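Under the UniProt record's numbering, the residues of the sequence shown are numbered 1 to 352, in order. Structure first, commentary second.
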Amino acid sequence: MPTGTLHIDLEAVAANWSALDRLSAPACETAATVKADAYGLGVTQVAPRLFAQGCRAFFVATADEGLELRRTLGPEPRIYAYYGHMPGDTLTLQRADVVPLICSLPQLERHLEALPRHPFGLALDVGMNRLGLKRDEWAAVAELALRARPVLVMAHLSSADTPDAPHSAAELARFHDLTDGIDVPRSLAATGGTLLGPEYHFDMTRPGIGLYGGLPYAAADPAVTLDLPVIACFDAAAGETVGYNATWTAASPVRLATVAAGYADGLHRALAPGLDVMAGPVPCPVVGRISMDLMTIDISHLDRDPETIRILGPNHGVDALAAQAGTIGYEMLTGLGRRYARQYRGSVSKKV
Ligand SMILES: *Cc1c(COP(=O)(O)O)cnc(C)c1O
Numbered sequence: 001m002p003t004g005t006l007h008i009d010l011e012a013v014a015a016n017w018s019a020l021d022r023l024s025a026p027a028c029e030t031a032a033t034v035k036a037d038a039y040g041l042g043v044t045q046v047a048p049r050l051f052a053q054g055c056r057a058f059f060v061a062t063a064d065e066g067l068e069l070r071r072t073l074g075p076e077p078r079i080y081a082y083y084g085h086m087p088g089d090t091l092t093l094q095r096a097d098v099v100p101l102i103c104s105l106p107q108l109e110r111h112l113e114a115l116p117r118h119p120f121g122l123a124l125d126v127g128m129n130r131l132g133l134k135r136d137e138w139a140a141v142a143e144l145a146l147r148a149r150p151v152l153v154m155a156h157l158s159s160a161d162t163p164d165a166p167h168s169a170a171e172l173a174r175f176h177d178l179t180d181g182i183d184v185p186r187s188l189a190a191t192g193g194t195l196l197g198p199e200y201h202f203d204m205t206r207p208g209i210g211l212y213g214g215l216p217y218a219a220a221d222p223a224v225t226l227d228l229p230v231i232a233c234f235d236a237a238a239g240e241t242v243g244y245n246a247t248w249t250a251a252s253p254v255r256l257a258t259v260a261a262g263y264a265d266g267l268h269r270a271l272a273p274g275l276d277v278m279a280g281p282v283p284c285p286v287v288g289r290i291s292m293d294l295m296t297i298d299i300s301h302l303d304r305d306p307e308t309i310r311i312l313g314p315n316h317g318v319d320a321l322a323a324q325a326g327t328i329g330y331e332m333l334t335g336l337g338r339r340y341a342r343q344y345r346g347s348v349s350k351k352v
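Below is the structure:
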């Protein structure tokens, strides 16, 4: 095993999708957000499993991600792109049958000129100030845009991961204000909004992180386990130091192990000091700095040298690891590098 092995449980991803689907009424469609290579888990594996589970609508960020997904899933499911219709996207959107979520006036103009008969959706801004038509822009173009028959009107909540945040109710009210009475399917909720309750669901929810086992969906089945091979085990005397800048000094004779992953594999330097990894059931502290491809752990208390250690697992998940690095599960998952061998449980092959 030359590199770490990322075990990805597609059955857990599928079960999480179904559980989130059950939170909304049958008339509300549950889509899946699979941008950024399905949050680093591998879209060519994740999307076919979700399709087999019944998912028929997928959201990606870019038109190019949409093209890859279309090649993976074939013609049936609807694919939406959050970046909308960017300069240079026209042929890809057309070829891959991807629905751009138009989020600015120049995009609206570009789309209606370049692909007048190609389906599109509209993204409205309800408070996040990131993407989406602003209130006055929407007022100016709503009539024209609606005449062109958008297939979806969506917005995104700024603080849905924090149930007590006052922003969600205000943003919900704004979404109603902007869209009530129009005859177009509406979508507001990602994972957090799906958990906030039925008034946030509208016609379609589009969870991402909850599918992959991350907060705010605390009840999610964990979907990733990461095992790392040990390259070398050795003794060090009291007073010897470990790693770049010699930041850790052995207080007594110790046995150490060097493990095959580092910050280039998404294991941020900020994880140490303070991170424990697991040798079977036994926690072992990371000592010294995490370097690009390697980290060193203290195994003095083990009966024998481990061959592998586990850094992500069911009982120490992405959010715990993220918190240790001062970030969130989303960043931890999407940062897990390309060097790991990926092993999938529950893989389905989709013939297209
Ligand atoms: C990423 C994203 C989602 C999915 O969000 P999660 O919090 O991962 O469920 C939904 N909508 C938009 C606009 C997004 O950018």
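Heads up, the beta-carbon is just placed ideally off N, CA and C, and yes, glycines get one too. The structure displayed is predicted, hence computed values, not measured ones.
| request: Using the DSSP secondary-structure output, state which residues sit across from residue 73 in a beta bridge. | output: Looking up residue 73 in the sequence shown gives position 73. None; residue 73 has no bridge partner.
*Heavy atom of ligand 1 less than 7 Å from the Cβ of residue 35, yes or no?*
Start at 1 with the first residue of the sequence shown, and residue 35 comes out as number 35. Yes, Cβ of residue 35 sits closer than 7 Å to a heavy atom of ligand 1.
(Q) For residue 189, tell me which candidate among 244, 229, 159 and 240 has the shortest Cα-Cα distance. (A) To locate residue 189, count along the sequence shown from 1; it is residue 189. Of the candidates 244, 229, 159 and 240, the residue whose Cα lies closest to the Cα of residue 189 is 159.
_Length of the line joining the Cα atoms of residue 24 and residue 220_ = Along the sequence shown, read from residue 1 onward, the residue named residue 24 stands at position 24. Along the sequence shown, read from residue 1 onward, the residue named residue 220 stands at position 220. Approximately 16 Å between the Cα atoms of the pair.
Give the DSSP-derived three-state secondary structure of residue 308 in the structure shown.
-> The residue given as residue 308 occupies position 308 in the sequence shown. The answer is strand: DSSP assigns residue 308 an E or B state.
Since residue 296 is in the beta strand (DSSP E), which residue starts that stretch and which ends it?
Here the question's residue 296 lines up with position 296 in the sequence shown. Element bounds for residue 296: 295-298.
ask   = Span of the alpha helix (DSSP H) holding residue 106?
value = By 1-based counting over the sequence shown, the position of residue 106 is 106. 105-114 is the span of the alpha helix (DSSP H), which, as asked, contains residue 106.
Are the Cβ atoms of residue 57 and residue 81 separated by less than 8 Å? Here residue 57 corresponds to residue number 57 of the sequence shown, with the count starting at 1. Here residue 81 corresponds to residue number 81 of the sequence shown, with the count starting at 1. Their beta carbons are not under 8 Å apart, which means residue 57 does not touch residue 81 by this criterion.
| query | Among 256, 272, 282 and 255, which residue has its Cα nearest to the Cα of residue 262? | reply | Indexing the sequence shown from 1 puts residue 262 at position 262. Comparing alpha carbon positions, the residue from 256, 272, 282 and 255 closest to residue 262 is 272.
Margin query: I'd like to know whether the C-beta atoms of residue 340 and residue 33 end up nearer to each other than 8 Å.
Written below: Position 340 of the sequence shown holds residue 340. Position 33 of the sequence shown holds residue 33. No.
_On the CB-based measure, 16 or more other CB atoms within 10 Å of its CB, does residue 349 come out buried or exposed?_
Residue 349 sits at position 349 when you count from the first residue of the sequence shown. Under this definition residue 349 is an exposed residue.
Looking only at its chain, what residues have a beta carbon closer than 6 Å to the beta carbon of residue 294, apart from the 5 residues adjacent to it on each side? Position 294 of the sequence shown, counted from the start, is the residue given in the question as residue 294. Hits under 6 Å: 258 and 262.
**Report entry** In chain order, each beta strand (DSSP E) run of at least 3 residues that lies wholly inside the UniProt domain "Alanine racemase C-terminal" (223-345)
**Finding:** 224-236, 254-259, 276-279, 282-287, 295-298, 308-312 and 341-345
I need the straight-line Cα distance from residue 329 to residue 214, nearest angstrom please. By 1-based counting over the sequence shown, the position of residue 329 is 329. By 1-based counting over the sequence shown, the position of residue 214 is 214. The straight-line gap from Cα to Cα measures roughly 6 Å.
Counterpart residues of residue 187 in DSSP-defined beta bridges = Locating residue 187 in the sequence shown gives position 187, counting from the first residue. Paired residues: 154 and 204.
Check your understanding: So, helix, strand or coil for residue 7, using DSSP?
Key -> Working through the sequence shown from its first residue, we reach residue 7 at position 7. Strand.
**Prompt:** Does the Cβ-Cβ distance between residue 175 and residue 155 come in under 8 Å?
**Reply:** Numbered from its first residue, the sequence shown carries residue 175 at position 175. Numbered from its first residue, the sequence shown carries residue 155 at position 155. Yes, they are a contact pair.
**Prompt:** So residue 9 and residue 346 are in contact, right, with Cβ under 8 Å, and what is the actual spacing, rounded?
**Reply:** Here residue 9 refers to the residue found at position 9 when the sequence shown is read from its first residue. Here residue 346 refers to the residue found at position 346 when the sequence shown is read from its first residue. Confirmed, Cβ separation roughly 7 Å.
Open item on the list: I need the DSSP call for residue 60, collapsed to helix, strand or coil.
Closed with: Against the sequence shown, residue 60 aligns to sequence position 60. It is a strand residue.
For this session: Please indicate yes or no: does the CB of residue 329 lie closer than 7 Å to some heavy atom of ligand 1?
Result: Counting from one through the sequence shown, the residue named residue 329 turns up at place 329. Not under cutoff, so the answer is no.
### Query
Is there at least one non-hydrogen atom of ligand 1 closer than 7 Å to the beta-carbon of residue 255?
Working through the sequence shown from its first residue, we reach residue 255 at position 255. Remark: the shortest separation between the CB of residue 255 and any heavy atom of ligand 1 does not fall under 7 Å.
Worksheet item: How is the beta strand (DSSP E) around residue 81 delimited, first residue to last?
Response: Along the sequence shown, one-based indexing puts residue 81 at 81. 78-81 is the extent of the beta strand (DSSP E) around residue 81.
Check: With respect to 7 Å, is the separation between the Cβ of residue 209 and the closest non-hydrogen atom of ligand 1 below this value?
Finding: Against the sequence shown, residue 209 aligns to sequence position 209. Yes, ligand 1 has a heavy atom inside 7 Å of this Cβ.
- request: Kindly indicate which three-state DSSP category residue 126 falls into: helix, strand or coil?
  value: Along the sequence shown, read from residue 1 onward, the residue named residue 126 stands at position 126. Residue 126 falls in the coil class under three-state DSSP.
| said: Among 279, 179 and 67, whose alpha-carbon lies nearest the alpha-carbon of residue 202? | reply: Walking along the sequence shown from the start, residue 202 turns up at place 202. Per the Cα distances, 179.
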